[in-house]
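Asker:
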Amino acid sequence: MASGEASASAPPPADRIRVVGAWAGPLEVELGAWTVPMLRAEVARRAGDVEPDRVGLIFGGRVLKDDPAGVSLQQAGLKGNAKVLSTLASPDRGKALAAEAAAAAAEEEHSNKLVRLWDAAQALSQRHSDGSLLDENFNIALEDQSGQKVMFGSADDMKALKMALMLHQKAKVLIKKNMYKEALDVLMMSEEAFALCDNKLIERVDNVPMLQLDIVWCYFMLRDVSRLEVAGARLNKARVGFELSHGKDSTRFRLLQAARHADLALYVRLELLEGVVAYYNGNTEKARGSLSSAQSKYMQLQVPDEAIAMLTDMGYDARASKRALKMTGYDIQSSVDLLCEEREKKIRRREQDIETQREIMEQRRYGKTPMNKAVDMQKLKGLTTIGFEKYLAAEALRINENDAEKALDLLTNPELNCALQSKIQSRRKRPLHVLGAGPLGAGAAAPLAAAAAGNAPPQIPDLNAAEGDNQEQLANNEEEAANNEAEALPNDAEAGANEEAVNQDQDMGDEAEEEDLIEEEAGASHAQGPVRDVAMENELANELTGDALDDYDIDVANEGQAIAEYLSLLESAAAAASSS
Numbered sequence: 001m002a003s004g005e006a007s008a009s010a011p012p013p014a015d016r017i018r019v020v021g022a023w024a025g026p027l028e029v030e031l032g033a034w035t036v037p038m039l040r041a042e043v044a045r046r047a048g049d050v051e052p053d054r055v056g057l058i059f060g061g062r063v064l065k066d067d068p069a070g071v072s073l074q075q076a077g078l079k080g081n082a083k084v085l086s087t088l089a090s091p092d093r094g095k096a097l098a099a100e101a102a103a104a105a106a107e108e109e110h111s112n113k114l115v116r117l118w119d120a121a122q123a124l125s126q127r128h129s130d131g132s133l134l135d136e137n138f139n140i141a142l143e144d145q146s147g148q149k150v151m152f153g154s155a156d157d158m159k160a161l162k163m164a165l166m167l168h169q170k171a172k173v174l175i176k177k178n179m180y181k182e183a184l185d186v187l188m189m190s191e192e193a194f195a196l197c198d199n200k201l202i203e204r205v206d207n208v209p210m211l212q213l214d215i216v217w218c219y220f221m222l223r224d225v226s227r228l229e230v231a232g233a234r235l236n237k238a239r240v241g242f243e244l245s246h247g248k249d250s251t252r253f254r255l256l257q258a259a260r261h262a263d264l265a266l267y268v269r270l271e272l273l274e275g276v277v278a279y280y281n282g283n284t285e286k287a288r289g290s291l292s293s294a295q296s297k298y299m300q301l302q303v304p305d306e307a308i309a310m311l312t313d314m315g316y317d318a319r320a321s322k323r324a325l326k327m328t329g330y331d332i333q334s335s336v337d338l339l340c341e342e343r344e345k346k347i348r349r350r351e352q353d354i355e356t357q358r359e360i361m362e363q364r365r366y367g368k369t370p371m372n373k374a375v376d377m378q379k380l381k382g383l384t385t386i387g388f389e390k391y392l393a394a395e396a397l398r399i400n401e402n403d404a405e406k407a408l409d410l411l412t413n414p415e416l417n418c419a420l421q422s423k424i425q426s427r428r429k430r431p432l433h434v435l436g437a438g439p440l441g442a443g444a445a446a447p448l449a450a451a452a453a454g455n456a457p458p459q460i461p462d463l464n465a466a467e468g469d470n471q472e473q474l475a476n477n478e479e480e481a482a483n484n485e486a487e488a489l490p491n492d493a494e495a496g497a498n499e500e501a502v503n504q505d506q507d508m509g510d511e512a513e514e515e516d517l518i519e520e521e522a523g524a525s526h527a528q529g530p531v532r533d534v535a536m537e538n539e540l541a542n543e544l545t546g547d548a549l550d551d552y553d554i555d556v557a558n559e560g561q562a563i564a565e566y567l568s569l570l571e572s573a574a575a576a577a578s579s580s
């Protein structure tokens, strides 16, 4: 018995392979357990403890590469007595190969992330444009600069616009991190999404000219002089776009912004880049004119410390105070007015966020329509206004794909109405099936707010920001919202047919049971949708700020240095020309 146990625990016999080349000799390996990196490390050790990166392995006419999945030698095709050719690169060559491999891996990772970004933006914009029952506790909507929700064209236009704006916002985050190459790739994807929108619609907003300006800014920061020609064309598009959306000399923009100069930093960057393009094209007069105009605007954005101190002494945040002063030309009273307006907007947004979350929670309790959509809350409100019980009306809308006329016909037909109530009551008598955590477990880590955009990207407040206390507030109101909704639903106190509808005046356990049963009936017959890239979707959502003025709040320190640099180059060229 002991010998049997010993034989059972004995290691499997090793296989022998032959290595030739830089190091030659037999090697005993376990083909099923050893990997290419292990073989490379062993050959490197026997070749004189050289760096493994310098060792190359070739088998059967192909290079053996390190597989991150940990593929065994056997899976790589090696067998007993296999011959492996080993090569040894010079130390410098080894480092170069390692650097090339690292660069290739980084490029592949970046390419994969771009694909994920596109897919995540597409999925989010689709769900938040077609009336789907949302998996997350926020809703992405388009807003103008006053915070009012707006509708742009068709559903396809809305979807493309939301997608383009989310990608543009992602690129702006990368620009702030000085990741200009990565930002440029995302900007190109955003431009592609904008191209799916109706041109007549998007020419009324300044998002597209901002995109053109950001693209050329990335060219400039990457010192990519080879793109001068295309840069000039993009800047022309930006200037024309700003004039269409802002009006000539920004008259329309000033009217919307109560005569404030919120767009001043945009024109500093635009005129700087126009001057740089003119300089490299040999048009020194145009370059000097553009750069001088940019310098004049730049000086207007240099806020005195005394003015900031006055506002901070009043209790305002230093960063917000500086932004307000830049946008109002250092006028203290106008700055205070702007800060008060922004504070009121944030309060209204928090209230909207709470209402949005409450509405999403209510829609989840009603379940999905046959086409996987959420119950239309506006149509539900219309039916309840004329006297129908809320939950019964919601069920009528759900099974009729939000067709209010068909739902009304059902509710006003006594036989159909009674059958519908019986159906709901019979579902409540079924055993409760525990379905698991559901989409909330895989969704956003915290409730997010309704998005903003219009002239700025659709945005969601950053819950980690100083003023972003929505998370705690939404969490505190979640139970209250659920309880309030429960009170609005039918209860057992009503006699006759209403008693059969649903008892929503019970505890949250009953609500969860009803929700599970509805989800089971409404969604079980539908095929599973595509797998969500929750991490990437959350990354996109959490980078949206909900701040309509954020796009205009540009730190122009780099612009100031560049203006001085190119004006100096022009002076030097002029001095050299006069001396000759």
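Under UniProt numbering, the sequence shown has 178 at position 178, and the numbering climbs by one with no breaks.
Positions of the beta carbon are idealized from the N, C-alpha and C atoms, including for glycine.
(1) Distance check for residue 64 and residue 47, CA to CA, integer angstroms please.
(2) What is the C-beta distance between residue 124 and residue 166, in whole angstroms, given that I count them as a contact (C-beta under 8 Å)?
(3) May I have a chain-ordered list of the alpha helix (DSSP H) segments no shorter than 4 residues that lie completely inside the region 234 to 286?
(4) Is residue 313 helix, strand or coil by DSSP?
(5) Does the Cβ of residue 340 have 16 or more other Cβ atoms within 10 Å, making it buried, or fewer, making it exposed?
(6) So which of 198, 419, 379, 111 has the shortest CA-CA distance to residue 405?
(7) Could you tell me whether the Cβ atoms of residue 16 and residue 81 are closer together than 8 Å?
(8) Of all the options 55, 356, 120, which has the alpha carbon lying nearest to the alpha carbon of residue 96?
(9) Within the continuous alpha helix (DSSP H) that includes residue 560, where are the two ends?
(10) Using the Cα positions of residue 313 and residue 303, report the straight-line distance between them to the nearest angstrom.
(11) Is the region 193 to 207 touching the region 220 to 236 in the sense that three or more CB pairs, one from each, lie closer than 8 Å?
(12) Are the region 292 to 307 and the region 568 to 579 touching, with three or more C-beta to C-beta distances below 8 Å?
(13) Exposed or buried, residue 469, counting other C-beta atoms within 10 Å across all chains shown (16 or more means buried)?
(14) Within a Cβ cutoff of 8 Å, which residues of the same chain sit near residue 79, ignoring the five residues on either side of it in sequence?
(15) Would you kindly work out how many angstroms separate the C-alpha atoms of residue 395 and residue 115, rounded to a whole number?
(16) Identify every residue that forms a DSSP beta bridge with residue 87.
(17) Who are the Cβ neighbours of residue 241 in its own chain at under 6 Å, not counting the five residues just before and after it?
(18) What three-state label does DSSP hand residue 504 in the structure shown?
(19) One question on the structure: do residue 37 and residue 44 come within less than 8 Å of each other, judged by their Cβ atoms?
(20) By how many angstroms is the C-alpha of residue 572 removed from the C-alpha of residue 565?
(21) Quick one: is the Cβ of residue 29 within less than 7 Å of any heavy atom of the ligand PLP?
(22) Leaving out five residues before and five after residue 193 in sequence, what residues of the same chain have Cβ atoms less than 7 Å from its Cβ?
(23) On the three-pair Cβ rule with 8 Å, is the region 262 to 275 touching the region 288 to 299?
(24) Contact between the region 238 to 253 and the region 209 to 223: three or more CB pairs below 8 Å?
(25) Considering only their Cβ atoms, is the gap separating residue 277 from residue 235 smaller than 8 Å?
(26) What residues in its chain sit with their C-beta under 8 Å from that of residue 245, if we drop five residues either side in the sequence?
(27) Using the C-alpha atoms, what's the distance from residue 219 back to residue 374?
(28) Any idea which residues DSSP pairs residue 17 with across the strands?
(29) Would you list the one or two residues that DSSP bridges to residue 373?
(30) Kindly identify the DSSP beta-bridge partner or partners of residue 35.
(31) Could you round the C-beta distance between residue 179 and residue 262 to whole angstroms and report it? I think they count as a contact, below 8 Å.
(32) What is the DSSP secondary structure of residue 531, reduced to helix, strand or coil?
Answerer: According to the data block:
(1) Start at 1 with the first residue of the sequence shown, and residue 47 comes out as number 47. Start at 1 with the first residue of the sequence shown, and residue 64 comes out as number 64. Roughly 18 Å separates the two Cα atoms.
(2) Counted from its first residue, the sequence shown places residue 124 at position 124. Counted from its first residue, the sequence shown places residue 166 at position 166. Residue 124 to residue 166, Cβ: 7 Å. Contact.
(3) Listed in chain order, the complete alpha helix (DSSP H) runs (minimum 4 residues) inside the region 234 to 286 are 251 to 256, 264 to 280.
(4) Locating residue 313 in the sequence shown gives position 313, where the first residue counts as 1. In the structure shown, residue 313 falls within a helical segment according to DSSP collapsed to helix, strand and coil.
(5) As a working mapping, residue 340 is identified with position 340 in the sequence shown. Looking at its Cβ environment, which holds fewer than 16 other Cβ atoms inside 10 Å, residue 340 is exposed.
(6) The residue labelled residue 405 in the question sits at position 405 within the sequence shown. Nearest neighbour of residue 405 by Cα position, chosen from 198, 419, 379, 111, turns out to be 379.
(7) Within the sequence shown, residue 16 is the residue found at index 16, counting from 1. Within the sequence shown, residue 81 is the residue found at index 81, counting from 1. Result yes, Cβ atoms of residue 16 and residue 81 sit closer than 8 Å.
(8) To locate residue 96, count along the sequence shown from 1; it is residue 96. The option with the nearest alpha carbon to residue 96 is 55.
(9) Here residue 560 corresponds to residue number 560 of the sequence shown, with the count starting at 1. Start and end: 557 to 579.
(10) Locating residue 313 in the sequence shown gives position 313, where the first residue counts as 1. Locating residue 303 in the sequence shown gives position 303, where the first residue counts as 1. Computed Cα separation, rounded: 16 Å.
(11) Too few Cβ pairs lie closer than 8 Å, so no.
(12) No: fewer than three Cβ pairs fall under 8 Å.
(13) Counting from 1 along the sequence shown, the entry for residue 469 is found at position 469. Because residue 469 carries a pLDDT of 40, less than 50, the predicted location of this residue cannot be relied on, and the following value inherits that uncertainty. With fewer than 16 other Cβ atoms within 10 Å, it is exposed.
(14) Position 79 of the sequence shown holds residue 79. Take residue 79, set aside five residues on each side of it, and the residues of its chain with a beta-carbon closer than 8 Å to its own are 15, 31, in chain order.
(15) Sequence index remark: in the sequence shown, residue 395 carries index 395 (1-based). Sequence index remark: in the sequence shown, residue 115 carries index 115 (1-based). Residue 115 has its alpha-carbon roughly 39 Å from the corresponding atom of residue 395.
(16) Looking up residue 87 in the sequence shown gives position 87. For residue 87, which the question treats as bridged, DSSP gives the partners 56.
(17) By one-based count along the sequence shown, residue 241 stands at place 241. Exclusion of the five residues before and after residue 241 leaves 208, 209 as the residues of its chain whose Cβ lies within less than 6 Å of its Cβ.
(18) Translated into positions along the sequence shown, residue 504 becomes position 504. Confidence is the limiting factor: at residue 504 the pLDDT is only 38, short of 50, which leaves the residue's position unreliable, though a coordinate-based value still follows. Correct three-state label for residue 504: coil.
(19) For this step, residue 37 is matched to residue 37 along the sequence shown. For this step, residue 44 is matched to residue 44 along the sequence shown. The answer is no: Cβ separation not under 8 Å.
(20) On the sequence shown, residue 565 is found 565 positions in, with the first residue counted as 1. On the sequence shown, residue 572 is found 572 positions in, with the first residue counted as 1. A direct Cα-Cα distance of roughly 11 Å separates residue 565 from residue 572.
(21) With respect to the ligand PLP, the structure offers nothing, as it holds no ligand at all.
(22) For the purposes of this step, residue 193 is taken as the residue at position 193 of the sequence shown. Counting only residues of its own chain and dropping the five nearest sequence neighbours on each side, residue 193 has a CB closer than 7 Å to the CB of 160, 163, 164, 167.
(23) When Cβ pairs closer than 8 Å are counted between the two stretches, the region 262 to 275 is seen to touch the region 288 to 299, the count reaching three or more.
(24) Yes, they touch.
(25) Taking the first residue of the sequence shown as position 1, residue 235 is located at position 235. Taking the first residue of the sequence shown as position 1, residue 277 is located at position 277. Yes, these two residues count as a Cβ contact at 8 Å.
(26) Taking the first residue of the sequence shown as 1, we reach residue 245 at position 245. Correct list, in chain order: 203, 204, 205, 206, 209, 252, 253, 455.
(27) Within the sequence shown, the letter at position 374 stands for residue 374. Within the sequence shown, the letter at position 219 stands for residue 219. Taking the Cα positions, residue 374 is about 44 Å away from residue 219.
(28) By one-based count along the sequence shown, residue 17 stands at place 17. DSSP lists 27 as partners of residue 17.
(29) Locating residue 373 in the sequence shown gives position 373, where the first residue counts as 1. Note: residue 373 sits in a beta bridge opposite 132.
(30) For the purposes of this step, residue 35 is taken as the residue at position 35 of the sequence shown. Bridge partners of residue 35 according to DSSP: 72.
(31) Indexing the sequence shown from 1 puts residue 179 at position 179. Indexing the sequence shown from 1 puts residue 262 at position 262. About 26 Å separates the two Cβ atoms, so there is no contact after all.
(32) Here residue 531 refers to the residue found at position 531 when the sequence shown is read from its first residue. Three-state DSSP puts residue 531 in coil, outside helix and strand.
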